[in-house]
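Participant: Numbering (this note's numbering), first residue to last: -17 to 205.
Backbone N, C-alpha and C fix where the C-beta goes; we use that ideal spot for every residue, glycine too.
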């Protein structure tokens, strides 16, 4: 069912905005007219699945991370273009938005788990990374429900995908070398990159939730 009122998209990240403009201008017009937004999202989901499988297969060879990078690229492009197809063809729908966000949450969750099972990251670090993106997406859905706004975090999907790609590349360079040990646990380059990203993402998670809470509280007081 199409949205009666189009959702206002708010993207604080200039990098995210720049990538979207590039894809909309140079790739979007070439998408077949017969293709629906959900079909584009499904292609992205297949990229996710490929990326996760390759991440698990790094237990055999570190160079399977190349496949993970390819899957990341497919998902990133499809994740931007499904919205372009929906809006440019008047096919935006609640089920499409739900499908898109569900794919994003599942992808991030299983990619972190796959990295945790690999020899190149510590599972304890990945456990802290798993809930962040899911909580942020739930918060984004609440912005849509209450204010009809699709509010991206300051560190959006493009930054997340670049971080994942960096982990893959650095893991291939440093292999399974241990950077340091702490409390009997071995930590690798991937753990350091994820830890730095987690500080920023947890800050974004709490910022978005606190802002929404205060906004709802203020609007409720004004009624």
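#1: Leaving out five residues before and five after residue 17 in sequence, what residues of the same chain have Cβ atoms less than 8 angstroms from its Cβ?
#2: Using 10 angstroms around the beta-carbon of residue 104, count the other beta-carbons present and answer buried if the total reaches 16, otherwise exposed.
#3: Taking only three categories from DSSP, how would you classify residue -10?
#4: Pop quiz: residue -8 and residue 141 are said to be a contact at Cβ under 8 angstroms. What is the actual Cβ separation, rounded to whole angstroms?
#5: Do you know how far the Cα of residue 11 is from the Cα of residue 71?
#6: Relative to the C-alpha of residue 122, which residue among 190, 199, 2 is closest?
#7: Just verifying my parser: in three-state terms, what is the DSSP assignment at residue 75?
#8: Per DSSP, what kind of secondary structure is residue 32 in: helix, strand or coil?
#9: Ends of the alpha helix (DSSP H) at residue 55?
#10: Among all the DSSP beta bridges, which residues are the ones paired with residue 168?
#11: Please say whether residue 27 and residue 50 have beta carbons closer to each other than 7 angstroms?
#12: Name the one or two DSSP bridge partners that residue 131 has.
#13: Report the option in 168, 76, 158 whose CA atom is closest to the CA atom of residue 43.
#14: Between which residues of its own chain and residue 5 is the CB-CB distance below 8 angstroms, once the five residues before and five after are set aside?
#15: I want to see whether chain B comes within less than 7 angstroms of residue 67, judged by CB atoms only; does it?
#16: Mind reading off the beta-carbon distance from residue 96 to residue 176? Whole number of angstroms is fine, and I expect it under 8 angstroms.
#17: Taking residue 79 as the reference, which of 47, 166, 127 has the closest Cα?
#18: Rank 152, 38, 98 by C-alpha distance to the C-alpha of residue 109 and give the top, closest one.
#19: Where do the ends of the alpha helix (DSSP H) carrying residue 146 lie?
#20: Going by beta carbon distance, what residues of the same chain come within less than 7 angstroms of residue 100, once the five residues before and after it are set aside?
#21: Find out if the Cβ-Cβ distance for the pair residue 20, residue 89 is shorter than 7 angstroms.
Facilitator: Looking at the atomic coordinates:
#1: Within the chain shown, numbered from 1, the residue matching residue 17 stands at position 35. 67, listed in sequence order.
#2: Here residue 104 refers to the residue found at position 122 of the chain shown. With 16 or more Cβ atoms within 10 Å of its Cβ, residue 104 is classed as buried.
#3: Numbered from 1 along the chain shown, position 8 holds the residue referred to as residue -10. Three-state result, residue -10: strand.
#4: Along the chain shown, one-based indexing puts residue -8 at 10. Along the chain shown, one-based indexing puts residue 141 at 159. In this structure residue -8 does not touch residue 141 by the C-beta definition: roughly 16 angstroms separates them, more than the 8 angstroms allowed.
#5: Taking the first residue of the chain shown as 1, we reach residue 71 at position 89. Taking the first residue of the chain shown as 1, we reach residue 11 at position 29. Straight-line Cα distance between these residues: approximately 11 angstroms.
#6: Translated into positions along the chain shown, residue 122 becomes position 140. Comparing Cα positions, the closest option is 190.
#7: To locate residue 75, count along the chain shown from 1; it is residue 93. It is a strand residue.
#8: Reading the chain shown from its first residue, position 50 is the one you call residue 32. Residue state, collapsed to three classes: helix.
#9: Locating residue 55 in the chain shown gives position 73, counting from the first residue. 47 to 70 is the extent of the alpha helix (DSSP H) around residue 55.
#10: Counting from 1 along the chain shown, the entry for residue 168 is found at position 186. DSSP lists 163 as partners of residue 168.
#11: Locating residue 50 in the chain shown gives position 68, counting from the first residue. Locating residue 27 in the chain shown gives position 45, counting from the first residue. Cβ atoms of residue 50 and residue 27: not closer than 7 angstroms.
#12: Taking the first residue of the chain shown as 1, we reach residue 131 at position 149. Note: residue 131 sits in a beta bridge opposite -10.
#13: Working through the chain shown from its first residue, we reach residue 43 at position 61. The residue with the shortest Cα to Cα distance from residue 43 is 158.
#14: Here residue 5 corresponds to residue number 23 of the chain shown, with the count starting at 1. Closer than 8 angstroms at the Cβ level, and outside the excluded window around residue 5, lie 59, 62, 63, 66.
#15: The chain labelled as chain B is not found in the depicted structure, where only one protein chain is given.
#16: Position 114 of the chain shown holds residue 96. Position 194 of the chain shown holds residue 176. Taking C-beta atoms under 8 angstroms as the contact rule, residue 96 and residue 176 fail to qualify, at a distance of about 13 angstroms.
#17: What you label residue 79 is simply residue 97 of the chain shown in a count that begins at 1. Checking every option, the nearest Cα to that of residue 79 belongs to 127.
#18: Within the chain shown, the letter at position 127 stands for residue 109. Closest option to residue 109, Cα to Cα, is 98.
#19: The sequence position of residue 146 within the chain shown is 164, counting from 1. 139 to 156 is the extent of the alpha helix (DSSP H) around residue 146.
#20: Residue numbering aside, residue 100 sits at position 118 when the chain shown is read from its first letter. Once the five neighbours on either side are set aside, the close Cβ partners of residue 100 are 37, 40, 41.
#21: To locate residue 20, count along the chain shown from 1; it is residue 38. To locate residue 89, count along the chain shown from 1; it is residue 107. No, the pair does not count as a contact, with Cβ atoms beyond the cut-off.
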